[in-house]
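The working numbering puts the first residue of the sequence shown at 9, with every later residue one more than the last.
Take a look at the structure set out below.
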Amino acid sequence: MSNSSKSWLRRHLTDPFVKAAKKQHYASRAVFKLAEIQKKYKIFKSGMTVVDLGAAPGSWSQIVSECIGDCGRIIALDLLPLEIHAPHVTFIQGDFNDDIVSGQLLQATNEKKVDVIISDMAPNLSGQKSIDLPRSIHLLELALDCAEKILKPKGTFLFKAFQGAGLETFMRSVKSRFSQVKYIKPAASRSESKELYVLATGFRRSYT
Numbered sequence: 009m010s011n012s013s014k015s016w017l018r019r020h021l022t023d024p025f026v027k028a029a030k031k032q033h034y035a036s037r038a039v040f041k042l043a044e045i046q047k048k049y050k051i052f053k054s055g056m057t058v059v060d061l062g063a064a065p066g067s068w069s070q071i072v073s074e075c076i077g078d079c080g081r082i083i084a085l086d087l088l089p090l091e092i093h094a095p096h097v098t099f100i101q102g103d104f105n106d107d108i109v110s111g112q113l114l115q116a117t118n119e120k121k122v123d124v125i126i127s128d129m130a131p132n133l134s135g136q137k138s139i140d141l142p143r144s145i146h147l148l149e150l151a152l153d154c155a156e157k158i159l160k161p162k163g164t165f166l167f168k169a170f171q172g173a174g175l176e177t178f179m180r181s182v183k184s185r186f187s188q189v190k191y192i193k194p195a196a197s198r199s200e201s202k203e204l205y206v207l208a209t210g211f212r213r214s215y216t
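Encoded structure:
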């Protein structure tokens with residue numbers, strides 16, 4: 009094992025959020041990022057329909073399930089399998105880049121608009137910014153296109169982004185389609201990480 013791998017493993021095993029996730033039976037530490045955002049902004053309410061992009065291993069769907077109650081519904085999508093059994097979850101396993109898979113997502117909504125789209129998607133990182141950032145922006149563009157198709161008027165779009173080249177241009181597209189945009193760095197996001205979360209509310213279609 010390389011020194012960098014040993015360092016990552018040591019940090020992972022001593023991470024308080026990792027320990028808390030295991031203790032509370034959540035699929036990953038990412039649950040605490042969404043929990044903090046939900047506590048402050050109250051995104052999810054009883055009876056909502058929520059699309060969870062990049063859902064695996066499933067911790068975000070777990071907390072959404074707790075918030076939307078028996079009348080709510082989650083449509084989760086990821087290339088990897090879910091590691092959870094949460095109520096009210098319809099899971100689609102496949103590549104979001106694939107038109108067939110994105111078509112399955114549209115079918116799963118039963119031709120109805122959804123209340124919230126959340127995305128914790130990230131590309132497989134190579135460690136090279138010139139490769140990773142464009143891949144990340146491409147996933148965000150796919151998610152925004154999905155919102156254009158299935159999000160209700162005044163709906164909410166929460167997504168992970170990485171600071172760097174291309175994000176500012178992408179954010180102009182987001183701001184043209186939503187009435188309010190907030191940038192969030194949850195406590196569970198590692199300080200050295202370039203990730204941030206964007207909460208876009210008040211969806212409106214862009215006609216430009």
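All C-beta atoms, glycine included, are put in the ideal place defined by N, C-alpha and C.
- Residue pairing from DSSP leaves D107 without any beta-bridge partner.
- Contact annotation, T209 with T177: C-beta distance approximately 21 angstroms; criterion of less than 8 angstroms not satisfied.
- Take the alpha-carbon of I100 and the one of D107: they are about 13 angstroms apart.
- In the three-state DSSP reduction, S67 falls in the helix class (H, G or I).
- Non-local C-beta neighbours of K168 in its own chain, meaning closer than 6 angstroms and more than five positions away in sequence, comprise D128, E203, Y205, ordered along the chain.
- In this structure C79 is exposed. Its beta-carbon is surrounded by fewer than 16 other beta-carbon atoms within 10 angstroms.
- Bridge pairing for R81: T57 [DSSP].
- Beta-bridge partners of A155 (DSSP): none assigned.
- Counting only the Cα atoms, Y191 lies some 10 angstroms from L166.
- Excluding five sequence positions before and after L133, the CB atoms of its chain that fall closer than 8 angstroms to its own CB belong to D140, given in chain order.
- Contact check for A63 against S69 passes: the beta carbons are separated by less than 8 angstroms.
- If only uninterrupted alpha helix (DSSP H) runs of at least 4 residues are considered, those enclosed by the stretch 86-146 are 107-116.
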